[in-house]
Amino acid sequence: ADRGILVEADDAALDSTVVANVLKAIVDKEKPDVVLMGKRSADSESNATGQMLAEYLGWPQGTDAMHMATTDGGKTFEIGREVDGGVLTIRVTAPTVITVADRIVRPDGVSNGVTPADHKYPESDSGRYASLKGIMAAKKKPVEVLPLAGLGVEAAPTTSHSNFSLPPARSGQTQFVPDVATLVQKLHTEAKVI
644 ADRGILVEAD DAALDSTVVA NVLKAIVDKE KPDVVLMGKR SADSESNATG QMLAEYLGWP
704 QGTDAMHMAT TDGGKTFEIG REVDGGVLTI RVTAPTVITV ADRIVRPDGV SNGVTPADHK
764 YPESDSGRYA SLKGIMAAKK KPVEVLPLAG LGVEAAPTTS HSNFSLPPAR SGQTQFVPDV
824 ATLVQKLHTE AKVI
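Structural data, given as structure tokens:
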């Protein structure tokens, strides 16, 4: 990215609907070919904003991408998403909205058409993150600050949180035993499972 856009808003005025409308206003102005975003937010984990944005724009979408590759000169995206029993591969054509899963940061997560297919990334399951050099370069990029009101989006959330409560306390307890013999004895006499 060559720059950033920061929309200033009161967090209490935001929900998935408002955020999707804000993003639509920015997409209408910026005219990107692809909107790439996380699949859910850290606050509510609603997993709705990307799908709502695609609907508002009338664009195809690929959700929960764990692998992504481009074809057709970057106009078609092949997206792999984990499903029960395997990986579902779909193709979407730009303009498109793509939401990505956490696994996308793994070395095999993105095929960009530049890195050779036989390139071996370091063996690690920890993922691929921005380098210090990349972070420092990003800090130098210009950031345009826009007020929410300037985008013509009404800050009227359609959802609210009415109650938060802790789950019921668990009735069981954890015991640490010194050796296997003690474990077997407790499973036999106390738990009566062997």
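Everything in the sequence shown is counted per this note's numbering, starting at 644 for the first residue and increasing by one.
Note that CB positions come from ideal geometry on N, CA and C, so glycine has one too.
Keep in mind that this is a model prediction, so the values were computed, not measured.
Compare the beta carbon distance of threonine 742 and proline 703 with 8 Å and say whether it is the shorter of the two.
no
DSSP three-state label for aspartate 645, please.
coil
Terminal residues of the continuous alpha helix (DSSP H) containing leucine 826?
823 to 832
Starting from threonine 713, trace the beta strand (DSSP E) in both directions and tell me its first and last residue.
710 to 714
Excluding the 5 residues flanking glycine 795 on each side, which residues of the same chain have their C-beta closer than 8 Å to its C-beta?
Ala668
Per-residue burial, leucine 649 [other beta carbons within 10 Å of its own, 16 or more giving buried]
exposed
Does DSSP put glutamine 694 in a helix, in a strand, or in coil?
helix
Is the separation between the beta-carbon of glycine 693 and that of methionine 709 shorter than 8 Å?
no
Can you tell me where the beta strand (DSSP E) holding leucine 789 begins and where it ends?
786 to 790
Expected contact under 8 Å - CB spacing of valine 790 and leucine 657 to nearest Å
Position check: residue 790 holds proline in this sequence, whereas valine was assumed. Incorrect: roughly 14 Å between the Cβ atoms, too far for contact.
Pick out whichever of Thr719, Asp707, Gly716 has its Cα sitting closest to the Cα of valine 726.
Asp707
Give the straight-line distance between the Cα atoms of serine 803 and threonine 825, rounded to the nearest whole angstrom.
51 Å
Quick check: threonine 719 and threonine 736, are their CB atoms within less than 8 Å of each other?
yes
Decide if serine 659 is buried, meaning its Cβ has at least 16 other Cβ atoms within 10 Å, or exposed.
buried
Do valine 788 and glutamate 651 have their CB atoms nearer than 8 Å?
yes
Is alanine 798 near valine 661, with beta carbons less than 8 Å apart?
yes
Quick one: measure Cβ to Cβ for leucine 700 and valine 670, integer angstroms, because I've assumed they're closer than 8 Å.
6 Å
So, is leucine 830 buried or exposed, given that buried needs 16 or more other C-beta atoms within 10 angstroms?
exposed
So, using beta-carbon positions, are isoleucine 837 and valine 823 closer together than 8 Å?
no
In DSSP terms, what valine 796 is bridged to:
According to DSSP, valine 796 bridges with nothing at all.
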